[in-house]
Structure formats: C-alpha cells, structure tokens
Amino acid sequence: MEIKLSNLTDTNKLGTLIAQDLKGGEKIFLVGDLGAGKTTLTQQLARSLDIKEIVNSPTFMLVKEYHSGRLPLIHLDLYRLKNLSEEDEEMVEEYDDGQNVLVIEWGEQIIDNYPDSLVLYFSEINGDKRVVDIKNSSENLTAKIKKNWI
C-alpha cells in the first residue's frame, strides 16, 4: 500500500495509527534516505505509546531503549554498520523477545530475516512531501490507513 505524506501532521497521523495496533513483539523496519522521516515517525510512535523520554536517532549509539510507555520501544539505527557481523545480528535478536516493539532504521540487510515485520519505504517527492510504501501491514492497519488517506 502506498500513501502520500504531505506534511509533518500526516507523518504523525501515520505513527499514531501504527501505534494503536502495537501489542509488543512487532518489528518495524524504516527504509529511506537521510532526512526521509524515519526518526520523525519513530518519535510519534513513542508519543503514541506514552513514552515520556525524548526520542532521537541512535546513530552513534546503535540502540536506544525506552521503557516509560505502555510498551517498551527499542530503536535501532544500523546506519554505521554497512556489513552486519554475526554479533550485530545477535544484538537485534536479543531485543526481539516478543515484548519489545523494535523500530529498525537502516536495517535493509536483515529485513529478509523477519518476513512478518512491518516495512515502511520512505521516498521524498518534493520538500516535506513523502511517499511511503507500506509492506506487510495487518488488515486492521490497512483499513485504518485507507480510511484516513484514500
């Protein structure tokens, strides 16, 4: 399913819709160029999960954990890991415990290891406008998105 995000409000609306379906154990891959809106969407997911901490990109730390909301959110940024080692992949697996919501930026190298994950492909079309191609969404999420965008 492909949708257009015309502004920050649309990005936040998408983050809220996704968060409403989260129960723990989900893996969400965010794919796109620098500045495409991946961290912005993660921030809204966190707000919608009632996470109180400031959420920012973990590029230099690789992982940031947020436990103050209704579900634990683990935000991974694999940008600096161009060639994932076995240890790097094990790190991701350690967080995949069935309770955490994993949000993984720059995880294209391991998407195939998680065929049931939600994958959002961001592409810029003009300034703040984005196209997001959403793969593997639940029927519930697909219905919500269609109701709000189509």
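Add 1251 to a position in the sequence shown, counting from 1, and you land on the number used in this note's numbering. For glycine and all other residues, C-beta sits at the position ideal for the given N, C-alpha and C.
Residue i versus residue j: straight-line alpha-carbon distance, rounded
i	j	result
G1378	L1259	11 angstroms
K1255	Y1330	25 angstroms
G1346	S1257	Inspection of the sequence shows that residue 1346 is occupied by Tyr rather than by Gly. Near 33 angstroms, if we compare the C-alpha coordinates of S1257 and Y1346.
N1334	W1357	11 angstroms
I1279	S1368	6 angstroms
S1389	Q1271	12 angstroms
V1370	G1275	16 angstroms
K1289	R1298	15 angstroms
Bounding residues of the beta strand (DSSP E) (the contiguous stretch that carries residue i)
i	result
D1384	K1380 to K1386
N1377	L1369 to N1377
I1302	Where I1302 is concerned, there is no enclosing beta strand (DSSP E), given that its DSSP letter is neither H nor E.
L1278	With the sequence shown as reference, residue 1278 is identified as Lys, and Leu is not the correct amino acid for it. From DSSP, the beta strand (DSSP E) with K1278 extends over K1278 to V1282.
L1313	That residue, L1313, is in no beta strand (DSSP E); it is neither H nor E in DSSP.
I1355	V1352 to E1356
beta-carbon residue i near the ligand SAH non-hydrogen atom, thresh 6 angstroms
i	result
T1291	The model depicted lacks the ligand SAH and carries no ligand whatsoever.
Residue of the options minimising C-alpha distance to residue i
i	options	result
E1277	D1328, A1287, I1361 and I1355	I1355
I1362	K1289, V1282, D1261 and E1341	V1282
K1395	L1268, M1252, D1261 and E1253	L1268
T1348	E1338, L1324 and V1370	Checking the displayed sequence, the identity of residue 1348 turns out to be Asp instead of Thr. The option with the nearest alpha carbon to D1348 is L1324.
N1364	F1311, E1340 and E1316	E1340
Residue span of the alpha helix (DSSP H) that contains residue i, given as start and end
i	result
D1328	Not the alpha helix (DSSP H): D1328 falls in the beta strand (DSSP E), residues L1324 to D1328.
N1391	E1390 to W1400
L1256	Looking at the DSSP string, L1256 is not in any alpha helix (DSSP H); the run it does join, the beta strand (DSSP E), is E1253 to L1256.
Beta carbon proximity, residue i to chain D, threshold 7 angstroms
i	result
V1314	Here there is only one protein chain, and chain D is not present.
**Study point:** Inter-stretch contact at 8 angstroms, needing at least 3 Cβ pairs: the segment 1301–1321 / the segment 1374–1389
**Key:** no
Practice item. Inspect the CB distances between the segment 1314–1322 and the segment 1286–1296 and report whether three or more fall short of 8 angstroms. Key: no
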